[in-house]
Amino acid sequence: MPKKRKKRLNPKRLVFLIVLIAFLVSLSGGLFLLTTSIMDLPALDENKLYSSAASSYYDQDGNLFARIGEENREIVKIKDIPVSTQDAFIAIEDVRFKSHHGVDLRGIARALWHDLTGGNMEQGASTITQQLVKLSFLNPEKKVKRKIQEAILSLMVERRYSKGEILEMYLNKVYFGNGAYGIQSAARTYFNKNVDQLTLSQSAFLAGLLKAPNYYSLPEKATARRDVVLDTMLKYGFITKDQADEAEKESLNIEEGLKKNLYPYPYFIDFVTKQLIEDFGEDTVYKGGLQVYTTMDRQAQQAAETALASLKNFPASWRDSQNILQPEGAAVFIDPQTGYIRALVGGREHTHQLQFDRATMARRQPGSSFKPIINYAPAIEIKGMGPASVIDDIPVSYGSYTPHNYDGVYLGLITMRTAVTRSINIPAVKTLVDHVGISNAVNFAKGLGITVDPNNGASMALGGLHKGVTPLQMATAYAAFANGGFYIEPTAILKVEDQEGKVLKEYKSDPQLAMKPTTAFLITSMLKDVVDHGTGTNARLNRPAAGKTGTTDEGKDLWFVGYTPSLAGAVWIGYDSNKPMPQEFGGRYPALIWRQIMQEALKNIPATGFRQPAGIVTATVDNKSGLLPGPNTPSEDMTTDLFVNGTVPTEVDNTHVLVEICAQTGLLASEYCPDRIAKIMIKLPYSIPDQVADKVADHLIRAPEKVCTEHRPGLETPSIQPGFEQDPPFLFDQ
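When the letters of the sequence shown are read in order and numbered with the working numbering, they come out as residues 1 to 734.
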């Protein structure tokens with residue numbers, strides 16, 4: 001039998017079969033890919049389409065100065081976005097946006113062609129809806145599966161939302177570079193204006209940024225990219241030739257906007273943000289678009305920023321092991337009438353958000369700046385003392401505690417006013433221990449917002465505290481002196497609103513009477529002397545001002561705390577490590593910084609004096625006894641001062657006494673002393689040891705306690721021999 005011939009396959013049929021098999025394989029693969037894409041399709045979560053918004057911070061005048069959030073974004077409605085701005089984005093990103101249903105088939109075909117010829121999908125043009133979907137739901141990887149999901153979700157979005165809603169969500173979500181998310185933040189960042197104020201030229205520039213924000217925001221690239229967008233708008237009929245030509249002539253001037261939108265006033269912002277997080281939680285603060293109206297006075301804040309940043313306002317500076325500039329500094333300024341924080345700077349530099357803030361977190365020893373709070377104000381308030389009250393400035397010890405005057409000099413009998421003006425330590429300690437009492441002083445300080453551990457003992461009189469105080473606490477306490485004795489808890493926030501303008505919280509503090517107005521005024525009167533001719537003369541202004549210096553042992557902490565009727569402030573300088581600065585004192589750099597800030601903050605505010613309350617009277621007293629002048633009071637020992645009505649002394653001075661002194665021994669004369677001198681001297685109702693008396697400046701006018709024993713019955717008085725001169729007897733100055 002002959003063999004059967006093998007049939008040859010027709011070449012055309014072979015090609016057909018290959019194509020058919022490839023088609024079936026592709027179809028099954030495509031169906032598989034489509035199935036898996038649908039199975040893994042993310043849910044259409046509406047919350048992800050709508051962008052989170054940063055919180056906006058406004059100053060005391062209602063001007064925006066910062067936005068805080070995970071992304072710098074401020075949500076706007078489509079009605080507030082100019083049509084020319086909308087058209088610019090549609091022209092350059094998705095010219096058929098208003099006619100397609102989420103997916104542009106012509107665009108896909110073009111993208112596929114580029115894929116076939118170029119081998120990648122990066123050249124594919126997504127619609128605005130697809131871009132919104134990608135930003136909201138999908139990862140950025142370039143895969144077919146992701147493109148399929150993008151298309152499906154885009155069709156779903158188009159069915160659920162109008163074109164206006166989609167464009168609004170898109171323009172609020174896209175990134176424009178330089179930290180700006182959304183069209184409103186972009187308008188503020190690049191041009192320092194709201195979106196509804198954008199010109200056609202500016203709109204075209206912003207639309208052109210989306211392709212490569214950081215690249216096209218460069219000044220040398222910005223204009224060319226803007227012109228591309230304008231040409232595209234002209235090509236598709238969004239604008240006329242005249243409009244395009246006019247827009248191309250406009251200078252963009254984008255740098256001005258960028259410079260004005262850096263992170264300003266960082267310590268003030270941090271302080272506000274911490275309070276908001278405590279009240280509303282991080283999620284709401286960083287994503288909820290809160291409208292935060294603060295108490296910040298931009299002029300005062302800028303003055304404080306400038307003063308703390310100036311090298312000339314500090315001792316020789318260096319950087320520590322953590323690269324922090326040392327010595328450090330802080331400043332807080334408050335409106336005494338309201339408790340509103342007008343300026344706050346917590347360090348010389350700021351490196352990251354919510355960092356350590358020395359103005360509100362650093363507890364330092366206040367030194368002599370604590371004296372009015374813990375010693376003198378409670379002495380006036382509780383014990384009826386006053387500026388003319390007399391305190392003996394002599395060496396003293398209380399158990400193991402032996403305070404010393406800074407300069408080692410002891411003046412003897414002086415008034416409270418002198419002790420405050422010259423910042424003398426011993427009278428402060430004696431006022432606390434001998435008159436006020438630890439418990440009374442602690443309670444008084446508590447009324448000014450400062451908690452003091454009574455176990456600090458007598459050392460608290462000089463600011464020796466276990467826990468320390470913050471500049472904010474000191475500024476707030478002194479603000480009560482300026483506010484007639486009323487303490488007001490400080491705040492940096494006026495109110496907080498949501499994105500729709502609904503008030504979520506108002507921050508109000510009711511004034512609390514911490515001391516009588518008369519007490520506050522007498523303290524102010526003495527602290528004015530500190531500035532006018534005491535230790536704080538570097539803080540003098542061209543208006544009434546009061547304040548107190550503070551310097552701790554070895555100069556580890558330097559302070560000046562003071563106030564005018566309209567502004568109170570505290571300035572602190574010191575090392576974070578408590579390194580000594582033995583040659584420095586609070587009346588130098590802190591006082592100078594305080595003055596600089598005050599001068600700038602108050603330059604547009606008329607000067608006013610401190611209002612004297614009812615109940616203040618004037619009287620002349622003996623400044624060695626604090627009593628009414630007596631017959632022996634010399635004119636130089638009389639002083640006229642202020643008193644609370646009802647506290648003027650009624651007793652007559654008995655400290656100045658007329659005594660007879662032995663001209664030869666300088667002791668009290670006995671009946672046998674041949675040469676006697678009648679002198680007016682000071683006689684105290686208590687004894688002072690000789691070793692103490694010799695250290696006191698006024699010991700020469702203190703009446704001796706011992707009687708002369710060199711002259712007795714039967715003893716002859718030495719005579720002067722001819723040709724010899726006898727030394728004159730020791731006489732006391734008159």
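Positions of the beta carbon are idealized from the N, C-alpha and C atoms, including for glycine.
Around the beta-carbon of Glu74, 16 or more other beta-carbon atoms lie within 10 Å, marking it buried. Ala54 and Phe191 have their C-alpha atoms spaced approximately 19 Å apart. By the beta-carbon neighbour count (other beta carbons within 10 angstroms, threshold 16), Lys241 is exposed. Collapsing the DSSP output to three states places Met638 in a strand. DSSP, read as helix, strand or coil, puts Ala539 in helix. Note that the C-beta distance between Leu541 and Met598 is below 7 Å. For Asp231, there is no enclosing beta strand (DSSP E); the residue is part of the alpha helix (DSSP H) that begins and ends at 219-235. Listed as beta-bridge partners of Asp498 by DSSP are no residues whatsoever. Minimum Cα-Cα distance from Tyr487 among the listed residues Gln337, Val561, Asn623, Thr273 corresponds to Gln337.
Under the DSSP assignment, Lys505 falls in the beta strand (DSSP E) whose first and last residues are 503-506. Nearest Cα to Trp594 within the set Thr549, Thr618, Ser635: Thr549. Within 10 angstroms of the beta-carbon of Ala514 lie 16 or more other beta-carbons, which makes it buried.
C-alpha of Pro219 to C-alpha of Ala568: approximately 44 Å in a straight line.
Secondary structure of Phe486 (DSSP, three-state): strand. Looking at the backbone, the Cα of Asp576 and that of Ile334 are separated by about 24 Å. For Asp242, the enclosing alpha helix (DSSP H) covers residues 241-249. In the structure shown, Leu602 adopts coil according to DSSP, grouped into three states. Under the three-state reduction of DSSP, Phe585 is assigned to coil, being neither helix nor strand.
By DSSP's assignment, Leu210 forms no beta bridge with any residue. One thing to note: Val436 has its Cβ no nearer than 7 Å to the Cβ of Ala458.
Two segments are said to touch when three or more pairs of C-beta atoms, one from each, lie closer than 8 Å; by this definition the segment 400-414 touches the segment 447-466. The C-beta distance from Leu462 to Ser389 rounds to 19 Å, too long to meet the 8 Å contact threshold.
Under the three-pair Cβ rule at 8 Å, the segment 580-588 counts as touching the segment 529-541. Excluding the 5 residues flanking it on each side, Ile78 has same chain C-beta neighbours closer than 7 Å at Gly164, Leu167, Glu168, in chain order. When DSSP states are grouped into helix, strand and coil, Lys173 belongs to the helix group. If you ignore the 5 residues before and after Leu354, its C-beta comes within less than 6 Å of the C-beta of Asp270, all in its own chain and listed in chain order. Within 10 angstroms of the beta-carbon of Trp318 lie fewer than 16 other beta-carbons, which makes it exposed. In the DSSP annotation of this structure, Tyr263 is not part of any beta strand (DSSP E), being labelled neither H nor E. Contact between Pro704 and Leu658 does not hold, since the beta-carbon distance rounds to 14 Å and is not under 8 Å.
Asp690 and Arg702 have their C-alpha atoms roughly 12 Å apart. Cys662 has Arg676 as its beta-bridge partners, per DSSP. Just so you know, the alpha carbons of Gly62 and Thr421 end up roughly 41 Å apart. Between Leu411 and the set Ala591, Lys695, Ser51, Gln326, the nearest pair of CA atoms involves Lys695. Taking 8 Å as the upper bound for CB-CB distance, Thr564 and Pro544 are in contact here, some 6 Å apart. Secondary structure note for Thr415: its beta strand (DSSP E) is the uninterrupted segment 412-415. The secondary-structure analysis by DSSP pairs Ile391 across a beta bridge with Ile414.
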